[in-house]
Amino acid sequence: MTGEHDKDFEQYQALDLKIAKALQIDVPELRMPELPSVDTAKVSALPVRKRSMKPVWFAIAATVVLATSISLRTSGLFKSYDSLPEEILAHLDHEPGALQVTDVAISDERLVRAVPASMAVYDRGDALITYAQPCVINGHDVPHLVIQGQHGPVTILLMPSEGVAEAMPIDGDSVKGVILPFGKGSIAIIGDREELLEPIQKSVLSSVSWTA
Amino acid sequence: MNSSSAEGKRRQRFDSLVGVFHQDMYRFAAWLCRDKAIAEDVVQEALLRAWKSLDSLRDDAAAKHWLLTIVRRENARYFERRRLETVDIDNLTASQAALLAETPNGELDDLREAIFGLDDDYREPLVLQVLMGYSTNEIAEMMGLKQGAVLTRLHRARHKLKDSVEDA
Chain A
29 MTGEHDKDFE
39 QYQALDLKIA
49 KALQIDVPEL
59 RMPELPSVDT
69 AKVSALPVRK
79 RSMKPVWFAI
89 AATVVLATSI
99 SLRTSGLFKS
109 YDSLPEEILA
119 HLDHEPGALQ
129 VTDVAISDER
139 LVRAVPASMA
149 VYDRGDALIT
159 YAQPCVINGH
169 DVPHLVIQGQ
179 HGPVTILLMP
189 SEGVAEAMPI
199 DGDSVKGVIL
209 PFGKGSIAII
219 GDREELLEPI
229 QKSVLSSVSW
239 TA
Chain B
17 MNSSSAEGKR
27 RQRFDSLVGV
37 FHQDMYRFAA
47 WLCRDKAIAE
57 DVVQEALLRA
67 WKSLDSLRDD
77 AAAKHWLLTI
87 VRRENARYFE
97 RRRLETVDID
107 NLTASQAALL
117 AETPNGELDD
127 LREAIFGLDD
137 DYREPLVLQV
147 LMGYSTNEIA
157 EMMGLKQGAV
167 LTRLHRARHK
177 LKDSVEDA
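Just so you know, the sequences run in chain order A and B. Counting from 29, one number per residue, gives the positions in the first sequence under my numbering. Counting from 17, one number per residue, gives the positions in the second sequence under my numbering.
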């Protein structure tokens with residue numbers, strides 16, 4: 029049964045990869061329209077609209093679950109997580125040293141130690157990678173990388189063994205991010221709440237390939 | 017802060033956001049309307065509207081969602097104004113065909129044509145999920161649907177595309 033499920037999941041992912049490629053049509057050069065002058069003195073900002081992706085009861089329930097989970101974890105009695113995003117946030121809390129603001133890049137050797145060729149290839153390009161460590165998340169080996177974004181360090185977790193059907197948001201107190209489906213696995217990208225993650229996501233997805 | 021400096025900063029902010037999201041805006045428009053020329057018009061209108069209401073965007077992290085929502089509305093307005101017929105896949109205009117003819121690649125072309133032939137109701141959530149990376153919850157909110165309806169449409173869209181790929 030599990031074998032059939034895995035096969036279906038692989039076929040589903042293979043089809044999605046093809047669809048994603050087919051949707052990537054060529055884009056013509058940006059032609060900016062003539063923009064009228066705007067009287068900035070008269071502009072008044074609209075009130076901030078909170079995104080309500082989930083109903084209120086869900087938020088309350090999530091808060092209760094999170095609070096209970098944190099309390100159990102800190103008591104040392106319990107160490108399991110309700111979801112992958114939650115485990116990832118807990119992992120980041122346990123490795124605060126990774127999130128240093130620095131312009132010192134790690135060596136290629138250290139990158140290869142964290143991202144073994146048997147698992148994946150990460151083309152570092154011109155990205156400033158400041159941290160690379162092999163970690164374990166949800167029982168799987170996960171290369172943990174950090175690059176420097178516009179608003180501070182951005183965490184990248186390469187998870188070849190964590191297939192996800194769709195993008196999953198990660199919402200922490202001071203960070204936000206997303207787990208993106210990528211081939212048979214997924215990649216988590218988490219940064220400061222102010223960080224514009226879209227360009228980083230695009231760059232990371234084009235830099236990684238699974239080898240296993 | 018004087019007004020010219022404020023407008024300069026405003027323009028800088030706008031250019032920076034458009035620089036990052038222009039490709040997404042165009043691709044979303046192109047797959048919504050299935051016509052290269054109309055997609056360019058829709059993006060132009062969307063950029064103009066985004067510029068005028070830029071100050072309502074308080075958080076740049078929400079810019080992609082904001083811009084794609086504007087594209088979606090502009091596309092609807094465009095078709096409302098012109099009262100255009102739905103696309104007949106066997107009788108494409110040059111501008112529609114141009115969208116399919118880009119970067120010729122056998123298997124990809126077949127799939128692209130199959131996506132092109134999907135009903136709007138199926139194609140839009142598929143583009144939002146696979147190309148734009150939205151969750152089914154977010155797509156439901158954007159399209160004013162229940163999450164279950166989105167899941168059903170996505171399933172049917174994939175099913176149709178799978179059949180097309182296998183037939184080809």
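Backbone N, C-alpha and C define an ideal beta-carbon position, used for all residues, glycine too.
Give a yes or no on whether the C-beta atoms belonging to residue i and residue j are separated by under 9 Å.
i, j, result
"Leu124 of chain B", "Lys46 of chain A", "yes"
"Pro113 of chain A", "Ile207 of chain A", "yes"
"Pro171 of chain A", "Leu127 of chain A", "no"
"Val143 of chain A", "Ala155 of chain A", "no"
"Val146 of chain B", "Asp151 of chain A", "no"
"Val236 of chain A", "Val140 of chain A", "no"
"Val143 of chain B", "Leu51 of chain A", "yes"
"Leu134 of chain B", "Leu167 of chain B", "no"
"Gly149 of chain B", "Gln178 of chain A", "no"
"Glu190 of chain A", "Gly213 of chain A", "yes"
"Arg97 of chain B", "Leu116 of chain B", "no"
"Gln112 of chain B", "Asp57 of chain B", "no"
"Trp47 of chain B", "Arg172 of chain B", "no"
"Val66 of chain A", "Lys68 of chain B", "yes"
"Tyr40 of chain A", "Ala145 of chain A", "no"
By a C-beta neighbour count over all protein chains shown, 10 Å radius and 16 as the cutoff for buried, is residue i buried or exposed?
i, result
"Pro83 of chain A", "Confidence is the limiting factor: at Pro83 of chain A the pLDDT is only 49, short of 50, which leaves the residue's position unreliable and the question unanswerable from this model."
"His168 of chain A", "exposed"
"Asp137 of chain B", "exposed"
"Asp4 of chain B", "Residue 4 of chain B is absent from the model: chain B starts at 17 and stops at 184."
"His175 of chain B", "exposed"
"Thr130 of chain A", "exposed"
"Phe37 of chain A", "exposed"
"Pro188 of chain A", "buried"
"Gly164 of chain B", "exposed"
"Arg59 of chain A", "exposed"
"Lys80 of chain B", "buried"
"Ile98 of chain A", "Because Ile98 of chain A carries a pLDDT of 46, less than 50, the predicted location of this residue cannot be relied on, and the following value inherits that uncertainty. Label assigned to Ile98 of chain A: exposed."
"Gln176 of chain A", "buried"
"Glu137 of chain A", "exposed"
"Glu157 of chain B", "buried"
"Ser234 of chain A", "exposed"
"Ile157 of chain A", "buried"
Using 8 Å as the cut-off, classify the Cβ of residue i as near or not near the heavy atoms of the ligand GTP, replying yes or no.
i, result
"Asp76 of chain B", "Absent from the structure shown: the ligand GTP. Ligands present: none."
Quick one, which of the options has its alpha-carbon nearest residue i's?
i, options, result
"Ala62 of chain B", "B:Thr85, B:Leu161 and B:Ala53", "B:Thr85"
"Asp199 of chain A", "A:Pro64, A:Ile116 and A:Glu57", "A:Ile116"
"Leu173 of chain A", "A:Leu186, A:Val132, A:Ala145 and A:Leu51", "A:Leu186"
"Thr152 of chain B", "A:Leu233, A:Ala240, A:Ile53 and A:Met196", "A:Met196"
"His122 of chain A", "A:Asp110, A:Gly153 and A:Ile165", "A:Ile165"
"Trp238 of chain A", "A:Leu225, A:Pro227, A:Ile215 and A:Ala48", "A:Ile215"
"Leu170 of chain B", "B:Ile131, B:Glu182, B:Val58 and B:Ser69", "B:Ile131"
"Ile184 of chain A", "A:Glu194, A:Val192 and A:Cys163", "A:Cys163"
"Leu63 of chain A", "B:Leu115, B:Leu116, B:Ala66 and B:Gly122", "B:Ala66"
"Arg89 of chain B", "B:Ala110, B:Ser72 and B:Ala45", "B:Ala45"
"Met147 of chain A", "A:Ala240, A:Ala48 and A:Gln39", "A:Ala240"
"Cys49 of chain B", "B:Met158, B:Ala92 and B:Val181", "B:Ala92"
"Asp126 of chain B", "B:Ser20, B:Leu64, B:Ala110 and B:Glu182", "B:Glu182"
"Ile53 of chain A", "B:Ala114, B:Ser180, B:Asp179 and B:Leu161", "B:Ala114"
"His38 of chain B", "A:Ile157, A:Glu57 and A:Thr158", "A:Glu57"
"Leu120 of chain A", "A:Ile217, A:Ser234 and A:Pro227", "A:Ile217"
"Glu223 of chain A", "B:Leu64, B:Met159 and B:Ala78", "B:Ala78"
Would you please state the rounded distance, in angstroms, between the beta carbons of residue i and residue j? I believe it to be under 8 Å.
i, j, result
"Asp220 of chain A", "Ser231 of chain A", "The pair is not a contact, with the Cβ atoms about 17 Å apart (cut-off 8 Å)."
"Arg43 of chain B", "Val55 of chain A", "6 Å"
"Asp75 of chain B", "Leu33 of chain B", "Not confirmed; about 11 Å, so no contact."
"Leu155 of chain B", "Tyr94 of chain B", "Inspection of the sequence shows that residue 155 of chain B is occupied by Ile rather than by Leu. With 8 Å as the limit, Ile155 of chain B and Tyr94 of chain B do not qualify as a contact, their Cβ atoms being about 21 Å apart."
"Phe30 of chain B", "Leu70 of chain B", "6 Å"
"Val59 of chain B", "Val87 of chain B", "7 Å"
Checklist entry - For the region 59 to 97 of chain B, which segments carrying the beta strand (DSSP E) assignment without a break, of at least 3 residues, lie completely within its bounds, in sequence order? => result none
Item to check | Every unbroken beta strand (DSSP E) within the region 126 to 190 of chain A, with a cutoff of 3 residues, ordered by chain | outcome: 148 to 150, 157 to 165, 168 to 177 and 180 to 187
Checklist entry - Taking any Cβ of chain D, which residues in the region 137 to 149 of chain B have a Cβ under 8 Å from it, in chain order? => result The question asks about chain D, but that chain is absent: this structure's protein chains are A and B.
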